[in-house]
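In the working numbering, the protein residues as written are 1344 to 1539. Backbone N, C-alpha and C define an ideal beta-carbon position, used for all residues, glycine too.
Next up, the structure:
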């Protein structure tokens, strides 16, 4: 793990053995976020945002591309093709306001995570890789739980979480969304290593 998350830059391997780059998302990646939306189906966009949308507003693009790497951490994963970075997916977590700096005593520090993987790269391991790296960064930052909301019909994400190897609990909320909570305290000492 690198000391400064905003400089995060590591190589990892997909299930098929191909090497991918996982790095911190920067404001310069704004155009890659816009391009990435073009590689998502209507269904994938709905699964990510829980509403139908085909683009992000300027305000949303600012929010998603300008992160502080303390309360909002974002990673991008992909390949280099002919010297040009080709993104396959992004992952991020945002520290929950009610459990961050103003957390009540005894309440775990939590962050909500979200993953987005381009259609052509789904089911290859990008989501798992991004989640592993986010979990490692979060655990190192003192976050005790990562949670994510998943629609019941989002089978790919449900399968990813079931196969992730993380200890988690799940509950169905009032909006009929699954909330998966990953216990980062349950990671073994070496488990905070993203490759672990």
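Inclusion of residue 1462 and residue 1375 in the CB contact set at 8 Å is not warranted, their separation being larger than that value.
Assignment of residue 1424 by DSSP, reduced to helix, strand and coil, places it in the strand class. By the criterion of at least three beta-carbon pairs nearer than 8 Å, the region 1494-1510 is not in contact with the region 1427-1436. In the DSSP annotation of this structure, the continuous segment of the beta strand (DSSP E) that includes residue 1352 starts and ends at 1352-1356.
Straight across, the Cα-Cα distance linking residue 1417 with residue 1520 is about 23 Å. Distance between residue 1478 and residue 1405, taken at the CA atoms: about 24 Å. The Cβ atoms of residue 1487 and residue 1510 lie no closer than 8 Å to each other. Between the alpha carbons of residue 1419 and residue 1365 lies a distance of about 6 Å.
Boundaries cannot be given for residue 1466, as no alpha helix (DSSP H) includes it and DSSP labels it neither H nor E.
Annotation for residue 1407: the continuous alpha helix (DSSP H) segment containing it runs 1401-1408.
Residue state for residue 1384 is assigned as coil, using DSSP reduced to three classes. Residue 1349 carries a helical assignment under DSSP once its states are collapsed to helix, strand and coil. Excluding residues up to 5 positions away in sequence, 1438 lie with their Cβ nearer than 6 Å to the Cβ of residue 1414 in the same chain.
According to the DSSP assignment, residue 1453 belongs to the beta strand (DSSP E) that extends over 1453-1460. When DSSP states are grouped into helix, strand and coil, residue 1489 belongs to the strand group. In the structure shown, residue 1438 adopts extended strand secondary structure according to DSSP, grouped into three states. In the DSSP annotation of this structure, residue 1363 is not part of any alpha helix (DSSP H); the continuous beta strand (DSSP E) holding it starts and ends at 1362-1367. Taking 8 Å as the cut-off, the beta carbon of residue 1474 is found closer than this to the beta carbon of residue 1434.
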